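At position 436 of the sequence shown (counting the first as 1) the number is 436 in this note's numbering, and the numbers step up by one without a gap.
Comments concern the structure below.
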Amino acid sequence: MADSRARRRALFSVLPRVFAGQPAPSALAGIIEAMAAALAGIDEGLTRTQRDHWLQLASGEASGSGTASALERLGALLGIDRLDGEESEAYRNRLSITARVLTRGLNTPRALLELAIVTLGAEPCPRIEKYQDTTIGYGLPPGTIERCPACRAGKPLTECPNTGARVLEAWITDNPPQPQRLVVNPQPRPGTRFVVENPSLDEDVPELRLQALDRPTSYPCLHNRATGEIILYAGTLQPDEVLSVWPQVELEETRRYASHEGTSAHPWRDQYPSGSAVIIDRDGKNQRTVSADVYYLNGAHFAASDASPDDPGLARFASLEATEGPRFADPLRHGSVFGTATFGGDGGEELDATTGHFGSAGRQVRTPRVRPGSDEWSYGVYTRDDVKAIAGTMSGPLFDNAPEHPGDSAVELTLSWWARRPASFRLSIPRSAWVGQAEARGAHRMLARWIEQVRATGVVTAVDFPEPKKREQAALGERPSWHLRQQWRESVPMDEGALTWMTQSQDREDHALTDGVLTWRGVFDNTRLDASRFD
Numbered sequence: 001m002a003d004s005r006a007r008r009r010a011l012f013s014v015l016p017r018v019f020a021g022q023p024a025p026s027a028l029a030g031i032i033e034a035m036a037a038a039l040a041g042i043d044e045g046l047t048r049t050q051r052d053h054w055l056q057l058a059s060g061e062a063s064g065s066g067t068a069s070a071l072e073r074l075g076a077l078l079g080i081d082r083l084d085g086e087e088s089e090a091y092r093n094r095l096s097i098t099a100r101v102l103t104r105g106l107n108t109p110r111a112l113l114e115l116a117i118v119t120l121g122a123e124p125c126p127r128i129e130k131y132q133d134t135t136i137g138y139g140l141p142p143g144t145i146e147r148c149p150a151c152r153a154g155k156p157l158t159e160c161p162n163t164g165a166r167v168l169e170a171w172i173t174d175n176p177p178q179p180q181r182l183v184v185n186p187q188p189r190p191g192t193r194f195v196v197e198n199p200s201l202d203e204d205v206p207e208l209r210l211q212a213l214d215r216p217t218s219y220p221c222l223h224n225r226a227t228g229e230i231i232l233y234a235g236t237l238q239p240d241e242v243l244s245v246w247p248q249v250e251l252e253e254t255r256r257y258a259s260h261e262g263t264s265a266h267p268w269r270d271q272y273p274s275g276s277a278v279i280i281d282r283d284g285k286n287q288r289t290v291s292a293d294v295y296y297l298n299g300a301h302f303a304a305s306d307a308s309p310d311d312p313g314l315a316r317f318a319s320l321e322a323t324e325g326p327r328f329a330d331p332l333r334h335g336s337v338f339g340t341a342t343f344g345g346d347g348g349e350e351l352d353a354t355t356g357h358f359g360s361a362g363r364q365v366r367t368p369r370v371r372p373g374s375d376e377w378s379y380g381v382y383t384r385d386d387v388k389a390i391a392g393t394m395s396g397p398l399f400d401n402a403p404e405h406p407g408d409s410a411v412e413l414t415l416s417w418w419a420r421r422p423a424s425f426r427l428s429i430p431r432s433a434w435v436g437q438a439e440a441r442g443a444h445r446m447l448a449r450w451i452e453q454v455r456a457t458g459v460v461t462a463v464d465f466p467e468p469k470k471r472e473q474a475a476l477g478e479r480p481s482w483h484l485r486q487q488w489r490e491s492v493p494m495d496e497g498a499l500t501w502m503t504q505s506q507d508r509e510d511h512a513l514t515d516g517v518l519t520w521r522g523v524f525d526n527t528r529l530d531a532s533r534f535d
């Protein structure tokens, strides 16, 4: 109840003195006291109304059951609800920071990180870090910034003195790497075409998994018709056997998917820099290496005489029977077909066997690239005619073991690769004790609602609470170590033992890893070229 003494004194100051001398139990004194109490109540109501319009002064306690406090009504103006069990001062601090973030705009990673940290009940540190594709922010206990000597002195470049006081970490990753997987359906047979869609900003070299089903499959190949790349396994898969290919990947092709989130794209690259191909038996327990039987072909294709100009992918690499019509097709130029070919470039250099290359083929464990967008692929089987067109009949087992006909065996084909989806970001907040308490109050639901509200049209967002990274903290000068040492002495008199000589020869042979590269050479006798030799 309001104190009416100040109002009573104010009334006596304007009334005749005779009223001030009235005894307390008199009727006149009671009227004056009632007037003073009423005026004091009005003063209290006006003061409370004035204070409740200011965030720092608003009352956090409700005036009655079922009613909202003044602080909660201020939060409702911005759509910021009070969390279950949240104390008034913590709610007041969260309102203050959230309002400041909202008024500055939410179109930057810093603003989104501050909003996320505040929603979880912490105070965002003004220092943020940028690492690879990620912006990192940190949360501190409320009130830490006010006491921070570096922030008060305006020294943002100095080392943060509150590193040990951080209660949570949050980061935003732009276009985060995401694993992609395609199981071709229906199950392909020789000649099957299918479309590979890659919603990514970058291309990748996919893993390949090919399983024979009810019948053996010999010399299977996979062809990206847009790039002209082909991978061929010159062997036979028995029913239920799986050909698993980890392709050769260059360092730059792996770096484009490096991320602060710890994405491990192409994890086999360190162990198998040249790639690896194995056959896994039907039980999945045994495997044998077949990398030497995998071939990678790339470049222009030589079309058969009856090939359609709009369909160069059906043509073989060379047609020895063609005598007229368009005999050359280059899928690297979107399938353009031309009747004559020129060796070398346009610079007028001497034309010889080194300047005229239509394509390349060799032993290499590499799959066709998955490019951004949509590309048409095809699955097929190489026959003896196909091998003969590339390597000739003198290629030995490569030609002898090839099938006469492609057959009709179905296979299960799976491609796996990495993609960076455009117009996307992921907000990650590793779990901690502080995050767990905020989650128990329902903060994660409010955070998801905020991210959905600030998301721009067409932008894909994700909120993740991963387990924290395991870190081992040890003093730089301390490390455990074990030492084993064995000492022995041999007591042999100087005059014992005849003089002996021992010689040792160490002969080594160096073998290149790419031993046995498939090469091909041919001569067209019936062409319009002055020199029809090509390599």
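Glycine residues also receive a C-beta, built at the ideal position from the N, C-alpha and C atoms.
Keep in mind the model is a prediction, meaning the values are calculated, not measured.
Inter-residue Cα distance where the pair is residue i and residue j
i: Q437; j: T263; result: 28 angstroms
i: G235; j: A361; result: 17 angstroms
i: F317; j: E169; result: Reliability of the predicted coordinates at F317 is poor, the pLDDT of 37 falling under 50, and no value is obtained from them.
i: G21; j: G41; result: 25 angstroms
i: T289; j: I172; result: 41 angstroms
i: L83; j: E123; result: 16 angstroms
i: F12; j: F19; result: 7 angstroms
i: A153; j: P273; result: 52 angstroms
i: P397; j: V387; result: 11 angstroms
i: F465; j: R426; result: 11 angstroms
i: N175; j: S200; result: 9 angstroms
i: E250; j: Y382; result: 28 angstroms
i: Y219; j: L210; result: 12 angstroms
i: G143; j: R48; result: 26 angstroms
i: A76; j: H444; result: 18 angstroms
i: S96; j: I429; result: 22 angstroms
i: C221; j: E114; result: 52 angstroms
i: T135; j: C125; result: 13 angstroms
Buried versus exposed, by CB contacts within 10 Å (16 or more), residue i
i: N198; result: buried
i: Q248; result: buried
i: E229; result: buried
i: H405; result: exposed
i: Q364; result: buried
i: V553; result: As displayed, the chain neither begins before 1 nor continues past 535, which places residue 553 out of reach and without an answer.
i: D385; result: exposed
i: W450; result: buried
i: N298; result: buried
i: V101; result: buried
Unbroken beta strand (DSSP E) run spanning residue i, endpoints
i: E129; result: E129 to Y131
i: P179; result: P177 to V183
i: C221; result: P220 to N224
i: T461; result: V460 to D464
i: I231; result: E229 to Y233
i: W246; result: V242 to W246
i: I80; result: Taken as a continuous stretch (DSSP letters only), I80 belongs to no beta strand (DSSP E), as it is neither H nor E.
Neighbourhood of residue i by C-beta, 8 angstroms cutoff - its chain only, sequence neighbours within 5 removed
i: G105; result: A111
i: Q178; result: W418, A419, R420 and R421
i: S4; result: E33, A36, A37, L39 and A40
i: F194; result: V184, P188, E376, W377, S378 and Y379
i: A62; result: A68, S69 and E72
Local conformation of residue i per DSSP, three classes
i: T354; result: Unreliable positioning characterises T354 in this predicted model, as indicated by a pLDDT of 35, which lies under 50. A coordinate reading is not provided.
i: L314; result: With a pLDDT of only 43 at L314, under 50, the local geometry of the prediction cannot be trusted, and no value is derived from it.
i: P124; result: strand
i: I279; result: strand
i: S374; result: strand
i: Y91; result: helix
i: I117; result: helix
i: E159; result: coil
i: E72; result: helix
i: T67; result: coil
i: G139; result: strand
i: S424; result: strand
i: D204; result: strand
i: G396; result: coil
Close beta carbons around residue i, own chain, < 6 angstroms, minus the five adjacent residues each side
i: D408; result: R189
i: A226; result: D375
i: T98; result: I80 and V118
i: D240; result: R282
i: W434; result: V167 and L168
Range covered by the alpha helix (DSSP H) that runs through residue i
i: R9; result: R5 to V14
i: R538; result: As shown, the chain starts at 1 and ends at 535. That puts residue 538 outside it, with no answer to give.
i: V365; result: Note, V365: premise wrong, no alpha helix (DSSP H); not H, not E.
i: Q437; result: A433 to A440
Close Cβ partners of residue i (< 7 angstroms) along its chain, the five nearest in sequence each way excluded
i: P206; result: T367, V370, L415, S416 and W417
i: G60; result: S69, L71, S88, Y91 and R92
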